[in-house]
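2 protein chains.
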Amino acid sequence: MVTCSAPTNTVHQTLSKWQNITVLLKQQKLTISALCPYSSQLKTTTTVACSRSFQEDRIWLNGKEEDITQPRLQSCLREIRRLARKRRSDGEADVDTAGLSHKVHICSVNNFPTAAGLASSAAGYACLVYTLSRVMGVEGELSEVSRQGSGSACRSMYGGFVQWIMGQQGDGKDSLAQQVEPETHWPELRVLVLVVSAERKPVGSTSGMQTSVETSSLLKHRADSVVPARMKEMIEAVHKRDFTAFAELTMKDSNQFHATCLDTYPPIFYLNDVSRRVINLVHRYNRHYRETKVAYTFDAGPNAVIYTLQQNVEEFVQVVKHLFPPETNGGQFLKGLPVAPTTLSEELKQAIGMEPMVKGISYIISTKAGPGPRVVEDPSEHLLGSDGLPKESA
Amino acid sequence: MVTCSAPTNTVHQTLSKWQNITVLLKQQKLTISALCPYSSQLKTTTTVACSRSFQEDRIWLNGKEEDITQPRLQSCLREIRRLARKRRSDGEADVDTAGLSHKVHICSVNNFPTAAGLASSAAGYACLVYTLSRVMGVEGELSEVSRQGSGSACRSMYGGFVQWIMGQQGDGKDSLAQQVEPETHWPELRVLVLVVSAERKPVGSTSGMQTSVETSSLLKHRADSVVPARMKEMIEAVHKRDFTAFAELTMKDSNQFHATCLDTYPPIFYLNDVSRRVINLVHRYNRHYRETKVAYTFDAGPNAVIYTLQQNVEEFVQVVKHLFPPETNGGQFLKGLPVAPTTLSEELKQAIGMEPMVKGISYIISTKAGPGPRVVEDPSEHLLGSDGLPKESA
Chain A
1 MVTCSAPTNT
11 VHQTLSKWQN
21 ITVLLKQQKL
31 TISALCPYSS
41 QLKTTTTVAC
51 SRSFQEDRIW
61 LNGKEEDITQ
71 PRLQSCLREI
81 RRLARKRRSD
91 GEADVDTAGL
101 SHKVHICSVN
111 NFPTAAGLAS
121 SAAGYACLVY
131 TLSRVMGVEG
141 ELSEVSRQGS
151 GSACRSMYGG
161 FVQWIMGQQG
171 DGKDSLAQQV
181 EPETHWPELR
191 VLVLVVSAER
201 KPVGSTSGMQ
211 TSVETSSLLK
221 HRADSVVPAR
231 MKEMIEAVHK
241 RDFTAFAELT
251 MKDSNQFHAT
261 CLDTYPPIFY
271 LNDVSRRVIN
281 LVHRYNRHYR
291 ETKVAYTFDA
301 GPNAVIYTLQ
311 QNVEEFVQVV
321 KHLFPPETNG
331 GQFLKGLPVA
341 PTTLSEELKQ
351 AIGMEPMVKG
361 ISYIISTKAG
371 PGPRVVEDPS
381 EHLLGSDGLP
391 KESA
Chain B
1 MVTCSAPTNT
11 VHQTLSKWQN
21 ITVLLKQQKL
31 TISALCPYSS
41 QLKTTTTVAC
51 SRSFQEDRIW
61 LNGKEEDITQ
71 PRLQSCLREI
81 RRLARKRRSD
91 GEADVDTAGL
101 SHKVHICSVN
111 NFPTAAGLAS
121 SAAGYACLVY
131 TLSRVMGVEG
141 ELSEVSRQGS
151 GSACRSMYGG
161 FVQWIMGQQG
171 DGKDSLAQQV
181 EPETHWPELR
191 VLVLVVSAER
201 KPVGSTSGMQ
211 TSVETSSLLK
221 HRADSVVPAR
231 MKEMIEAVHK
241 RDFTAFAELT
251 MKDSNQFHAT
261 CLDTYPPIFY
271 LNDVSRRVIN
281 LVHRYNRHYR
291 ETKVAYTFDA
301 GPNAVIYTLQ
311 QNVEEFVQVV
321 KHLFPPETNG
331 GQFLKGLPVA
341 PTTLSEELKQ
351 AIGMEPMVKG
361 ISYIISTKAG
371 PGPRVVEDPS
381 EHLLGSDGLP
391 KESA
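Going line by line, the protein sequences match chains A and B.
Per the numbering used here, the very first residue in the first sequence carries number 1; after that it's consecutive.
Per the numbering used here, the very first residue in the second sequence carries number 1; after that it's consecutive.
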C-alpha cells in the first residue's frame with residue numbers, strides 16, 4: 001500500500017502484562033490482586049493505526065477479529081477521544097487532529113496464555129489505552145481511562161512497584177495508580193511464573209469480583225480493616241528491600257484474596273490441587289531453611305507467581321522440576337531469563353517429602369520486575385501492515 | 001472367663017458419629033463445623049469395662065491398642081472420675097463405688113473412615129464420655145467433659161438438631177451443647193455423605209483451628225459479626241422446616257469456614273478438586289430448577305455432606321453416579337438407607353454440563369438425622385469379652 005497516513009499514525013506499544021509489581025491494591029471495588037512483574041516473556045504488543053480510508057473501528061486480538069462494540073472497549077475509545085478533543089479545544093499545540101476524526105484499527109497480541117489468571121485483560125487494556133493515547137496525542141494521567149477497560153489496568157501504566165490507591169469518591173475517579181519505586185530499585189528480586197494450565201478459567205474475574213462485593217461479608221471487612229495497614233507495611237518492605245516482610249505479606253494477602261472468593265456466593269475457585277501443592281511446597285521449603293526464602297501469590301487463576309531473591313532461583317527451579325517433572329513431549333519447560341540446572345541435597349528432598357506429580361505444571365516463566373509501557377521503534381514489530389490489516393504473523 | 005464384675009460393669013454405648021444436625025456452632029475457639037446427622041451407617045461403638053483385676057487403664061481403637069496416657073484421653077478420664085467422686089461425696093445413692101477405684105478397659109470402633117473429615121474424634125470422645133459416665137454413675141451435663149476430648153464432641157451428646165453455644169467465660173465452662181429440635185422434627189430431611197476417594201485426599205493439615213485463631217483476621221470478624229446472626233436464622237429455619245433458608249445458610253457457612261482456613265497462615269486446605277466439583281454441581285443443579293433443592297457442607301476434609309429433602313434423593317444420587325461413575329472393582333457404591341435408581345433427563349444432564357470424573361467419589365452414605373447416644377442392650381454387640389480384652393471381631 002502507498003496510501004494515507006497510516007504508517008506515521010501507527011503507534012506501536014509493547015507493554016508487559018506484568019510490567020510492575022503492584023504493591024498492594026485496593027480500589028473502590030475492593031479487589032486485591034497479585035503482585036507481578038514484567039519481562040519480555042510476558043508482554044502484550046498493540047498496534048493502533050488510524051486512517052481516513054478506514055470505514056469503521058476494528059480490532060483483532062491474538063489473530064482473530066473481535067467485536068469492537070463491546071462496552072469496555074467502547075468506553076476506552078470514547079474516553080480517549082474525549083480527552084483528545086478537550087486538549088484540542090484547550091489549544092494544545094501537538095494534538096493530532098486527523099486521529100480524532102478517523103477510524104482506528106487495533107491489533108493486539110499476548111505472548112502468554114489469556115484468560116488463565118495471568119491478568120491478560122489488565123495488560124491488554126493498559127497497552128491499548130497507552131497506544132491510543134499516543135495516536136490521539138493525549139498525555140497525562142491515564143489510570144482512569146484504562147480502568148474503563150479493566151479495573152487493574154491502571155497498575156500496568158507504570159513500571160517497577162506500583163500502588164493502586166483506592167480513592168474516596170463514589171465514582172472511583174480518584175482511584176489511581178502510583179509508582180512506589182522504579183524497576184531498578186530491587187534488581188535481586190526475581191519472579192517465576194508456574195503455569196499450571198492454559199485452560200480458560202471457569203469464572204471471569206470481573207463478574208466474580210462483583211459477586212464478591214455483593215455477597216461476601218469477609219471482603220468488606222478485609223477492605224476496611226485489613227488492607228490499609230498491610231498496604232503501609234508492604235510499601236515499607238519495598239522501600240527497605242525487606243524480602244521476608246515482602247514475602248509474608250504477599251502470601252497472606254494472596255490467601256486472603258482467595259478466601260474472600262470462597263466466601264462469595266456461589267463461591268469462586270481459582271486455586272486448584274496443583275496450586276495447593278505449590279503453596280505447601282513453598283511453606284515446606286521455607287520451614288526447612290527456617291527462613292522465608294520464597295513466596296507465592298495467585299491472581300484469578302491457578303498459576304503460581306513465585307517471588308524469590310536471585311541467589312535462590314536455581315535451587316527453587318530445580319525443586320519445582322523435581323516435584324513437577326516436565327512432560328517429555330517437546331516444548332521448553334523454562335522460558336525467559338536463563339536458570340542454570342543444579343543438584344538438590346537429599347536432605348532438602350526429604351524435608352519437602354512430597355511425591356512428584358506429572359502434568360502438574362506445563363512450564364515456568366523466569367522473569368523480573370520491568371519498566372512501564374513504551375513505544376516500539378522497530379517497524380518490523382508492527383502488527384498492522386501498511387494496508388491497515390494485521391500482518392500474517394500477527 | 002468367669003471372673004469379677006466386668007460383665008455387669010460393662011456399659012455398651014452406640015453413638016453415631018453424626019447423631020445430630022449441629023445447627024451452627026460457635027465456641028470459644030470460634031470454630032464452625034459442618035452440619036451432620038446420624039445413621040446406623042455412621043456410628044462409633046464403645047465398650048467400657050472396669051474390674052478389680054485390671055492392672056491399668058487401657059484403650060483399643062479400631063482393633064489396635066493405643067496409648068492411654070495421651071492428654072485428651074487423660075483429661076476425660078480424670079474429669080469423669082472427679083464428677084463421680086463429687087456425686088459420691090454429695091451422698092448420691094446410685095454411684096458405683098467400684099467403678100471409681102478400678103481401672104478401666106475401653107474398646108471403641110468406628111464403622112466409617114477415620115481422619116477423613118467425618119468428625120470421627122468428636123463422635124469417639126462423645127461416645128467415650130457417655131459410656132464412662134454410665135460406668136461411673138455420673139449424670140447431668142457432660143458437654144464440658146466431652147470437650148476435654150474434642151471441641152465438637154459436646155454436640156454429639158444429643159440427637160436431632162443441636163446448637164453449640166459459645167459461652168462468655170474465658171475458660172469455656174459455659175460453652176455447651178443444647179438440643180434445638182429432636183430428630184423426629186423434620187423426617188423429610190435427608191443426608192448423603194459423598195466419600196471422596198482415598199487417592200484424592202489432600203495433604204494432611206499439620207496445623208489447625210488453633211493456628212486459625214492466631215493468624216486469621218477474617219476468623220475473628222466471622223465469629224464476632226457474622227455467626228451470631230446466622231445462628232438465629234438457622235435456628236428459625238430448623239423450627240420452620242424451611243429448607244431453602246436452611247440450605248443457603250449451610251452452604252454459605254461451610255464456604256466461610258473454609259475461607260477462614262485459607263486465611264490461616266500457613267493456609268489450611270480441606271477442600272480438593274473433587275470437593276469443588278461437588279460444589280459446582282450443586283449450584284448448577286439448583287440453578288436448573290431455579291430452586292435450592294440441594295445443599296453441601298464440608299467439615300475438616302474433602303468429603304461432601306449433602307442435604308436434600310426426601311423427594312429429591314433419588315434424582316440427586318443418580319446425578320452423582322452420572323458425574324462420578326462408580327469404580328467397577330467391587331464394593332458397594334451406595335451404603336445406608338436404600339435409594340432406588342432413576343433416569344436423568346437429557347435436559348438436566350445438559351444443564352449441569354460437566355464431564356464425568358472417574359475415581360472421584362468412592363461411595364455414598366445415605367442417611368438422616370438420628371437420636372443421641374444410647375446403651376446397647378444386646379451383649380453380642382459388646383466389644384470386650386468377659387476377660388476384659390477385645391473380642392476377635394472388635
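We treat Cβ as the ideally placed atom computed from N, Cα and C, and that holds for glycine.
Against chain A, a Cβ distance below 8 angstroms from residue 283 of chain B picks out 266. In the DSSP assignment, residue 220 of chain A falls within the alpha helix (DSSP H) that extends over 217-221. Our two residues, residue 380 of chain B and residue 213 of chain A, have alpha carbons roughly 58 angstroms apart in a direct line. Note on geometry: alpha-carbon atoms of residue 384 of chain A and residue 103 of chain A lie some 14 angstroms from one another. In this structure residue 256 of chain A is buried. Its beta-carbon is surrounded by 16 or more other beta-carbon atoms within 10 angstroms. Distance from the CA atom of residue 315 of chain B to the CA atom of residue 322 of chain B, rounded to whole angstroms, is 10 angstroms. Interface with chain B (8 angstroms Cβ-Cβ cutoff): residue 221 of chain A is included. If you draw a straight line from the Cα of residue 50 of chain B to the Cα of residue 292 of chain A, it is about 53 angstroms long. A residue is called buried when at least 16 other Cβ atoms come within 10 angstroms of its Cβ; residue 86 of chain A does not meet this threshold and is exposed.
In terms of CA proximity to residue 345 of chain B, B:319 leads the group B:360, B:319 and B:354.
Residue pairing by DSSP places residue 368 of chain B opposite B:190 in a beta bridge. Within 10 angstroms of the beta-carbon of residue 244 of chain A lie fewer than 16 other beta-carbons, which makes it exposed. Taking 4 residues as the minimum length, the alpha helix (DSSP H) runs contained wholly in the segment 261-295 of chain B are 273-289, in order along the chain.
The continuous beta strand (DSSP E) containing residue 51 of chain A extends over residues 43-51. Put simply, the backbone Cα of residue 66 of chain B is about 22 angstroms away from that of residue 134 of chain B. Contact between the segment 332-349 of chain A and the segment 258-265 of chain A is absent, with fewer than three C-beta pairs closer than 8 angstroms. In terms of beta-carbon proximity, residue 70 of chain A stays away from the interface with chain B, with every pair separated by 8 angstroms or more. Residue 235 of chain A sits in a helix when the DSSP states are folded into three classes. Residue burial is scored here from C-beta neighbours: residue 305 of chain A has at least 16 other C-beta atoms within 10 angstroms and is therefore classed as buried.
Between the segment 270-278 of chain B and the segment 220-240 of chain B there are fewer than three inter-stretch CB-CB distances shorter than 8 angstroms, so the stretches are not counted as touching. Annotation for residue 304 of chain A: the continuous beta strand (DSSP E) segment containing it runs 304-309. Any Cβ of chain A closer than 8 angstroms to the Cβ of residue 290 of chain B would place that residue at the interface, and such an atom is absent. DSSP, reduced to helix, strand and coil, places residue 124 of chain A within a helical segment of the structure shown.
The beta carbon of residue 333 of chain B lies closer than 6 angstroms to those of 326 and 363 in the same chain, with the five residues before and after it left out. The contact set of residue 383 of chain B on chain A, defined by CB atoms closer than 9 angstroms, is empty, because the minimum CB distance reaches about 36 angstroms. Going by DSSP, residue 80 of chain B is part of no beta strand (DSSP E) but of the alpha helix (DSSP H) stretching over 71-89.
Rounded to whole angstroms, the Cβ separation of residue 81 of chain A and residue 68 of chain A is 14 angstroms, and the two are not in contact under 8 angstroms. Annotation: the continuous alpha helix (DSSP H) that includes residue 322 of chain A extends over 313-323.
For residue 177 of chain B, the beta-bridge partners assigned by DSSP are B:164. Taking all protein chains shown into account, residue 55 of chain A has fewer than 16 neighbouring C-beta atoms within 10 Å of its C-beta and is therefore exposed. Taking a Cβ-Cβ cut-off of 9 angstroms, the neighbours of residue 260 of chain B in chain A comprise 218, 259 and 263, given in sequence order. Residue 256 of chain A belongs to the set of residues whose beta carbon lies under 8 angstroms from a beta carbon in chain B.
Residue burial is scored here from C-beta neighbours: residue 299 of chain B has at least 16 other C-beta atoms within 10 angstroms and is therefore classed as buried. In this structure residue 358 of chain A is exposed. Its beta-carbon is surrounded by fewer than 16 other beta-carbon atoms within 10 angstroms. Apart from the 5 residues on each side of it in sequence, residue 348 of chain A sits with its Cβ closer than 7 angstroms to the Cβ of 288 in its chain, given in chain order. Nothing from the segment 303-317 of chain B brings a Cβ to less than 7 angstroms from some Cβ of chain A.
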